[in-house]
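Remarks on the structure that follows.
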Amino acid sequence: MKLLNSQPLVVDKGLAVILGLNEALVLQQIHYWLEINKKNKRNFHEGRYWTYNTLKDWQKEFPFWSLSTIKRILKKLREKKLIEVDNFNIYQMDRTLWYTINYEEVDKLYADEEGRVWEEKNMDGGAQNSQAISSKEASPKVQAEPMERLKKASAIPENTTKISTEISISSINQSQKMEDGQRKNNLSLKFKEKYERIIDKCELYALDEKYRQAVAHAIRLLVLDVERKGYIKLADSHIPASVVERDMERLNFFVVEHAVNRFKEASRIQRISNPLGYLKVLIYNAIHELEIYMDARLRYERLIS
Numbered sequence: 001m002k003l004l005n006s007q008p009l010v011v012d013k014g015l016a017v018i019l020g021l022n023e024a025l026v027l028q029q030i031h032y033w034l035e036i037n038k039k040n041k042r043n044f045h046e047g048r049y050w051t052y053n054t055l056k057d058w059q060k061e062f063p064f065w066s067l068s069t070i071k072r073i074l075k076k077l078r079e080k081k082l083i084e085v086d087n088f089n090i091y092q093m094d095r096t097l098w099y100t101i102n103y104e105e106v107d108k109l110y111a112d113e114e115g116r117v118w119e120e121k122n123m124d125g126g127a128q129n130s131q132a133i134s135s136k137e138a139s140p141k142v143q144a145e146p147m148e149r150l151k152k153a154s155a156i157p158e159n160t161t162k163i164s165t166e167i168s169i170s171s172i173n174q175s176q177k178m179e180d181g182q183r184k185n186n187l188s189l190k191f192k193e194k195y196e197r198i199i200d201k202c203e204l205y206a207l208d209e210k211y212r213q214a215v216a217h218a219i220r221l222l223v224l225d226v227e228r229k230g231y232i233k234l235a236d237s238h239i240p241a242s243v244v245e246r247d248m249e250r251l252n253f254f255v256v257e258h259a260v261n262r263f264k265e266a267s268r269i270q271r272i273s274n275p276l277g278y279l280k281v282l283i284y285n286a287i288h289e290l291e292i293y294m295d296a297r298l299r300y301e302r303l304i305s
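Residue 1 is where the sequence shown starts when you use the working numbering, and the numbers rise one by one after that.
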């Protein structure tokens with residue numbers, strides 16, 4: 001007799017560590033139904049796809065939880081702004097709630113965790129990179145973006161009508177192995193070559209050793225943003241990916257050095273909650289700041305009019 005006779009629920013292991021297993025399972029399941037609706041072009045409201053369920057319907061998908069547990073999980077996801085809830089029912093008496101995922105908040109969740117881990121390893125003087133690293137060594141492993149993580153940990157196949165009540169650790173591990181195997185191909189060849197070319201131009205070996213990997217990681221995030229998004233959110237601005245891609249061609253050692261210096265100055269006067277995300281913004285802003293700085297200096301020295 002087999003332990004599992006049907007497809008088990010799976011969840012991204014990294015998300016479960018950050019968010020908690022219960023919340024990660026529910027978020028994964030909501031994402032699954034959103035993808036189904038997106039594929040079928042249904043339940044599209046206010047620029048996004050939604051899925052709807054009553055608490056009892058959710059319990060049918062997670063029969064190992066009580067209604068109060070499911071209610072508590074959904075409340076926690078709402079409080080963290082990872083999901084949004086609304087009502088698009090035709091009849092006012094119908095109180096069934098509709099759910100969608102705030103993927104920007106999921107993105108921030110991963111970025112905050114990456115930043116926290118990086119800060120623990122590098123910002124407290126505990127950097128272990130004692131040897132100078134070349135541009136290729138400065139390149140961190142490509143990791144899946146939040147939405148890609150959710151896609152890879154697909155909840156239940158579309159052609160499955162019976163929902164399994166088992167949560168299989170082996171299936172989670174298998175999903176993780178599949179994810180690890182796909183990470184190497186996460187960047188298209190074009191963007192991978194672009195990333196390596198930019199890293200070479202930036203001459204990271206000449207940077208403060210403690211910041212080399214962080215700068216390489218931040219640049220990788222910018223390249224991934226350009227590949228996957230139409231508009232890129234940097235601080236409070238949404239910039240077209242084509243503009244960011246063009247600007248990144250001007251990245252060089254002096255730009256990233258300027259960004260690192262700005263980061264050092266800021267970290268002396270305030271605690272930066274997401275150092276990696278902040279560094280990414282500083283690197284992009286430094287492209288234009290350095291040009292303005294040089295222009296002002298040349299004008300002051302009357303080398304240009």
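Every residue, glycine too, gets a C-beta built ideally from N, C-alpha and C.
On the criterion of 16 or more Cβ atoms from any shown chain inside 10 Å, does residue i qualify as buried, or is it exposed?
i: K177; result: No answer about K177 holds up, because its pLDDT of 48 lies below 50 and its placement is not dependable.
i: G277; result: buried
i: K280; result: buried
i: G230; result: exposed
i: G126; result: The predicted model places G126 with a pLDDT of 41, which falls under 50 and marks its position as unreliable; any figure quoted below should be read in that light. Per the 10 Å Cβ criterion, exposed.
i: L67; result: exposed
i: Y332; result: For the chain, the structure presents residues 1 to 305; residue 332 sits outside this window and is missing.
i: Q270; result: exposed
i: E257; result: buried
i: V11; result: buried
i: N40; result: exposed
Compare the C-alpha of residue i against each of the options and name the closest.
i: G47; options: T100, V215 and M93; result: T100
i: V106; options: W58, K41 and H31; result: H31
i: W65; options: K75, R220 and N22; result: N22
i: E113; options: L15, R268 and S267; result: L15
i: L27; options: N102, V215, H45 and E227; result: N102
i: R220; options: L74, E35 and I283; result: I283
i: N261; options: K194, K210 and E104; result: K210
i: L189; options: L224, R271 and D200; result: L224
i: D86; options: L77, T96, Q29 and E257; result: T96
i: F263; options: D208, K60, K71 and S237; result: D208
i: F191; options: Q29, R228 and C202; result: R228
i: F254; options: D236, K201, K194 and L19; result: K201
i: G20; options: K39, Y49 and K76; result: K76
i: E84; options: V215, L109 and Y49; result: Y49
i: N43; options: F88, R72 and L9; result: F88
i: L290; options: S267, A259, R268 and A266; result: A259
i: K108; options: K39, N37 and L234; result: L234
i: N53; options: Q29, K38 and H45; result: Q29
Less than 7 Å between C-beta atoms, sequence neighbours within five positions excluded: which residues of the same chain meet that for residue i?
i: A111; result: N274, L276 and G277
i: W33; result: T51
i: A218; result: L276, L279, K280 and I283
i: I198; result: I219, M248 and L251
i: I70; result: L55, W58, Q59 and F62
i: K194; result: V223
Residue i by DSSP, collapsed to three states: which one?
i: E46; result: coil
i: T100; result: strand
i: S237; result: strand
i: N252; result: coil
i: I106; result: Ile is not the amino acid found at residue 106; the sequence shown has Val there. V106 falls in the helix class under three-state DSSP.
i: L207; result: coil
i: N173; result: Because the pLDDT at N173 is just 45, under 50, the model does not fix this residue reliably, and the point stays unresolved.
i: Y91; result: coil
i: I232; result: strand
i: F322; result: Only positions 1 to 305 of the chain appear in this structure, which leaves residue 322 out of reach.
i: Q270; result: coil
i: K71; result: helix
i: F62; result: coil
i: G14; result: helix
i: G20; result: coil
i: K41; result: coil
i: K80; result: coil
Is residue i close to the ligand MG? I mean its beta-carbon at under 8 Å from any heavy atom of the ligand.
i: K190; result: Absence of the ligand MG from the depicted structure is noted, as is the absence of any ligand whatsoever, leaving it without description.
Could you name the residues that DSSP lists as bridge partners for residue i?
i: V85; result: Y99
i: N53; result: L97
Near residue i, which residues of its chain fall below 6 Å by C-beta distance, leaving aside the five closest residues on each side in sequence?
i: V244; result: V226 and I232
i: E196; result: none
i: F238; result: Note on identity: in this sequence residue 238 is His, with Phe being the wrong assignment. So the list reads Y231, once near-sequence residues are dropped.
Suppose the cutoff is 8 Å on Cβ atoms and the five residues either side in sequence are ignored; what does the same chain contact list for residue i look like?
i: D247; result: Y284, I287 and H288
i: I73; result: N22, E23, V26 and W65
i: V215; result: A138, C202, L204, L207, V256, A259, V260, L279 and I283
i: K81; result: N102 and E105
i: N37; result: N43, F44, Y49, W50 and T51
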